[in-house]
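Counting from 27, one number per residue, gives the positions in the sequence shown under our numbering.
We put the CB at the ideal spot given by N, CA and C, even for glycine.
In this text, all values refer to a predicted model and were calculated from it rather than measured experimentally.
Below is one structure, written out as structure tokens; the observations come after it.
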Amino acid sequence: MISAGDFRNGVTIEVDGGVYQVVEFQHVKPGKGAAFVRTKLRNIKAGGVVEKTFKPTDRCPAAVIERREMQYLYADGDMYNFMDTENYEQIALNSEEIGDSLKFVKENEMVKMLSHQGQVFSVEPPLFVELVITETEPGFKGDTATGASKPAIVETGARVSVPLFVEIGEKIKIDTRTGEYLSRV
Numbered sequence: 027m028i029s030a031g032d033f034r035n036g037v038t039i040e041v042d043g044g045v046y047q048v049v050e051f052q053h054v055k056p057g058k059g060a061a062f063v064r065t066k067l068r069n070i071k072a073g074g075v076v077e078k079t080f081k082p083t084d085r086c087p088a089a090v091i092e093r094r095e096m097q098y099l100y101a102d103g104d105m106y107n108f109m110d111t112e113n114y115e116q117i118a119l120n121s122e123e124i125g126d127s128l129k130f131v132k133e134n135e136m137v138k139m140l141s142h143q144g145q146v147f148s149v150e151p152p153l154f155v156e157l158v159i160t161e162t163e164p165g166f167k168g169d170t171a172t173g174a175s176k177p178a179i180v181e182t183g184a185r186v187s188v189p190l191f192v193e194i195g196e197k198i199k200i201d202t203r204t205g206e207y208l209s210r211v
């Protein structure tokens, strides 16, 4: 059990039957009345953010989030297949559970599976990936000084905005959290 006075950013708790992560917290001591803790909580299964206040003495059960490294094998229609490389156990998740978290992930790459009480609720791709440009418009000489960008499609089918000098067939580095182009490889 975690008391509201011990909340920190990133702590996961169980509140009202849901699993939440503390995004932001603030201890408030008004001039008149009792102190309280104002929080912003993100529902890790549904993704929504709620604001909730607690008394500093309120206690919530800590939610244990398990992170397991797994290999993304392949997509089979609406199902995505993963394998634990330690015991070779395979699991399949549907596209609703995956969302768009695999749009920058190629087959056979490692991802982190997040689960609570044995139920997988999210997939975390690697922070940075290197992908090849498969489709983009040609760049023109001299256009690099403006800092302009153009759309490009990478080998996984995701759309990325890249500088004008990047060509088809080049390997680029992408930040999967923001989907931004970082550099050529």
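Local Cβ density within 10 Å of residue i, reported as buried at 16 or more and exposed below that
i      : result
MET96  : buried
LEU208 : exposed
THR204 : exposed
LEU153 : exposed
PHE108 : buried
VAL186 : buried
PRO164 : exposed
PRO151 : buried
TYR114 : exposed
ILE198 : buried
Sub-7 Å separation of residue i and residue j beta-carbons
i      : j      : result
PRO82  : ALA30  : yes
ILE22  : THR38  : Only positions 27 to 211 of the chain appear in this structure, which leaves residue 22 out of reach.
ASN69  : GLY44  : yes
ALA178 : THR162 : yes
ILE159 : GLU206 : no
VAL149 : ILE200 : no
PHE51  : PHE80  : no
MET139 : VAL131 : no
Distance cut-off 6 Å: residue i Cβ against heavy atoms of the ligand MN
i      : result
LEU119 : In the structure on display, the ligand MN does not appear, and there are no ligands present to speak of.
Residue from the options with nearest C-alpha to residue i
i      : options                        : result
GLY74  : VAL49, LEU128, HIS142, HIS53   : VAL49
GLY103 : VAL76, SER121, GLY173          : SER121
VAL188 : THR182, ILE194, HIS142, SER175 : SER175
GLU181 : ASN113, LYS129, VAL137, LYS55  : LYS129
HIS53  : THR65, GLN47, GLY59            : THR65
GLU112 : TYR106, SER127, ARG94          : ARG94
ARG210 : LEU157, GLU77, LYS71           : LEU157
GLN143 : LYS71, ILE198, TYR114          : LYS71
ALA184 : ASP126, ALA61, PRO164, PRO151  : ASP126
MET27  : VAL63, ALA89, TYR46, ASN35     : ALA89
VAL76  : ILE194, TYR46, GLY173          : TYR46
ASN35  : VAL63, GLY173, LYS55           : VAL63
Supposed close pair residue i, residue j - CB separation, criterion 8 Å
i      : j      : result
TYR100 : GLU133 : 5 Å
CYS86  : VAL41  : 6 Å
LYS78  : LEU67  : 6 Å
Any chain B beta carbon closer than 7 Å to residue i
i     : result
ARG94 : Included in the structure is just one protein chain, with no chain B present.
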